[in-house]
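Colleague: Input: one structure, supplied below.
Number of protein chains: 2
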Amino acid sequence: MSRGPENLRLLPREQALEMLEQHGIAPTEQRTEIARLLFGRHQHLSAEQILAQLSTSSARVSKATVYNTLNLFAETGLVREVVIDSTKRFYDSNPDPHHHLFHTDTGRLEDVAPARVQIGELPGLPASMEVLGVDVVIRVGPRRDS
Amino acid sequence: MSRGPENLRLLPREQALEMLEQHGIAPTEQRTEIARLLFGRHQHLSAEQILAQLSTSSARVSKATVYNTLNLFAETGLVREVVIDSTKRFYDSNPDPHHHLFHTDTGRLEDVAPARVQIGELPGLPASMEVLGVDVVIRVGPRRDS
DNA sequence: CAGGGGGTTAGACAAAGTCTAGTTCCCATT
DNA sequence: AATGGGAACTAGACTTTGTCTAACCCCCTG
């Protein structure tokens, strides 16, 4: 299930700091490093993967901080939390609205253009409620001709 | 987070047996009881809730059996496994295609008619792959006028 | 009656994430 | 420069959800 570093890229520190500031997040060293890693490319990382990646790099970040930071990022809308398998959360660094294709055989998550999915109106939703998000996950796997 | 029994209903034993048979599942006592509970109404139950419910009733079923049975039901398509909150799986007794509305404040899951969501074609999917399912979850919560 | 296999059980175990208490760091005030 | 306070970080204990294992039971068949 684990894959290689698959050409790791880090966002320049300056851009990471800018992102944090735009979302009103105090730019600590750890948060900056996590942001640099996560936003280095469009990808879907789990807390576990981030933790592993960081612990091999120069930066030293504790498990609690990784979880705290990812939750903070998710709350402020900096990243999107995607839940597929109940045993894993992914954090999606693609800020644009889109949906997901999940490969059940490899565990890989792939982006899908939002144009392919149309959501109609939702009548009957009280005015006090608002739609926080729409998650579409298309699960695909090897054909198993029953 | 836990709610009362909310007018529990059991499916007649006869119908439960019929469902199991149609899906090629050997009808043991425990499986029948789980099916009666789950299919007594359209609902979304977690393994935890089923376990709790059964342990108060006459039937005595172990944790392992509840999990084994739910996984078996899911594999054979008898129930649909729905993952929203990453800390819990729900088992959906509604066999018709539909989507879900998730209330982030109460943790309640609600059905949404499938007509409201249109999924386009998915080009680029290899012939060896097939779509196993499409899960649409609309998360709603109290308005938080930013 | 012996053997075998599926099903069930209790409890040990594993994985993911949360919590807690203590520490460090930064900054403002004196 | 010293002091005090608050936010953030850390290690590790803990919790929760689900899986695994070994023993057992029951029924069926030979």
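From first to last, the protein sequence lines are chains A and B.
385 is the number of the first residue of the first sequence in our numbering; add one for each residue after it.
385 is the number of the first residue of the second sequence in our numbering; add one for each residue after it.
Cβ coordinates follow ideal geometry from the N, Cα and C atoms, glycine included.
Specify whether the stretch 453–462 of chain A and the stretch 404–422 of chain A touch according to this definition: at least 3 beta carbon pairs, one from each stretch, less than 8 Å apart.
Modeller: yes
Colleague: Which runs of the beta strand (DSSP E), 3 residues or longer, sit entirely within the stretch 437–485 of chain A?
Modeller: 464–467 and 473–476
Colleague: Would you verify that the beta carbon of Pro481 of chain B is, or is not, closer than 8 Å to some beta carbon of chain A?
Modeller: For the purposes of this step, residue 481 of chain B is identified with residue 97 of the second sequence, where counting begins at 1. Interface flag for Pro481 of chain B against chain A is unset, since no Cβ pair is found closer than 8 Å.
Colleague: CB-CB under 7 Å to Asn478 of chain A, same chain, minus the five flanking residues each way: which ones, in chain order?
Modeller: Here residue 478 of chain A is taken as the residue at index 94 of the first sequence, counted from 1. Hits under 7 Å: His426 and Asp495.
Colleague: Of the residues that make up the stretch 514–528 of chain A, which ones have a beta carbon closer than 8 Å to any beta carbon in chain B?
Modeller: Glu514, Val515, Leu516, Gly517, Val518, Asp519, Val520, Val521, Ile522, Arg523, Val524, Gly525, Pro526, Arg527 and Arg528
Colleague: List, in chain order, every chain B residue whose beta-carbon is nearer than 7 Å to that of Ile503 of chain A.
Modeller: Residue 503 of chain A sits at position 119 when you count from the first residue of the first sequence. Ordered by position in chain B, the residues that pass the 7 Å Cβ test against Ile503 of chain A are Arg500 and Val501.
Colleague: If you check the beta carbons only, do Leu404 of chain A and Arg415 of chain A fall under 8 Å apart?
Modeller: Residue mapping note: residue 404 of chain A aligns to position 20 of the first sequence, counting from 1. Residue mapping note: residue 415 of chain A aligns to position 31 of the first sequence, counting from 1. Taking 8 Å as the Cβ cut-off, Leu404 of chain A and Arg415 of chain A qualify as a contacting pair.
Colleague: For Asp469 of chain A, go through chain B and note every residue whose CB falls closer than 8 Å to its CB, in chain order.
Modeller: Here residue 469 of chain A refers to the residue found at position 85 of the first sequence. Ordered by position in chain B, the residues that pass the 8 Å Cβ test against Asp469 of chain A are Val467.
Colleague: At which residues does the alpha helix (DSSP H) containing Ile418 of chain B begin and terminate?
Modeller: For this step, residue 418 of chain B is matched to residue 34 along the second sequence. Ile418 of chain B -> alpha helix (DSSP H) spans Glu413 to Leu422.
Colleague: Return helix, strand or coil for Arg397 of chain A, following the three-state DSSP convention.
Modeller: Here residue 397 of chain A refers to the residue found at position 13 of the first sequence. Three-state DSSP puts Arg397 of chain A in a helix.
Colleague: Can you list, in chain order, the residues of the stretch 427–451 of chain B whose Cβ is nearer than 8 Å to any Cβ on chain A?
Modeller: none
Colleague: Please state whether the Cβ-Cβ distance between Gly525 of chain A and His487 of chain A is less than 8 Å.
Modeller: Within the first sequence, residue 525 of chain A is the residue found at index 141, counting from 1. Within the first sequence, residue 487 of chain A is the residue found at index 103, counting from 1. It is a contact, given that the beta carbons lie within the stated cut-off.
Colleague: Do the stretch 509–523 of chain B and the stretch 510–520 of chain A meet, that is, are 3 or more Cβ pairs less than 8 Å apart?
Modeller: yes
Colleague: Using alpha carbons as the reference points, say which of B:Ser470, B:Leu485, B:Asp469 and B:Glu465 lies closest to Asp476 of chain B.
Modeller: Along the second sequence, read from residue 1 onward, the residue named residue 476 of chain B stands at position 92. When only C-alpha atoms are compared, the closest one is B:Glu465.
Colleague: Across which residues does DSSP place Gln502 of chain B in a beta bridge pair?
Modeller: Within the second sequence, numbered from 1, the residue matching residue 502 of chain B stands at position 118. Its beta-bridge partners are A:Gln502.
Colleague: Hey, does Thr416 of chain A have any beta-carbon neighbour from chain B nearer than 8 Å?
Modeller: In the first sequence, residue 416 of chain A corresponds to position 32, counting from 1. Not one chain B Cβ lies under 8 Å of Thr416 of chain A.
Colleague: Quick one: is Thr488 of chain B near chain A, going by C-beta distance under 8 Å?
Modeller: By 1-based counting over the second sequence, the position of residue 488 of chain B is 104. Closer than 8 Å to some Cβ of chain A, the Cβ of Thr488 of chain B qualifies, so yes.
Colleague: Give the secondary structure of Leu435 of chain A by DSSP, where H, G and I count as helix, E and B as strand, and everything else as coil.
Modeller: Against the first sequence, residue 435 of chain A aligns to sequence position 51. Three-state result, Leu435 of chain A: helix.
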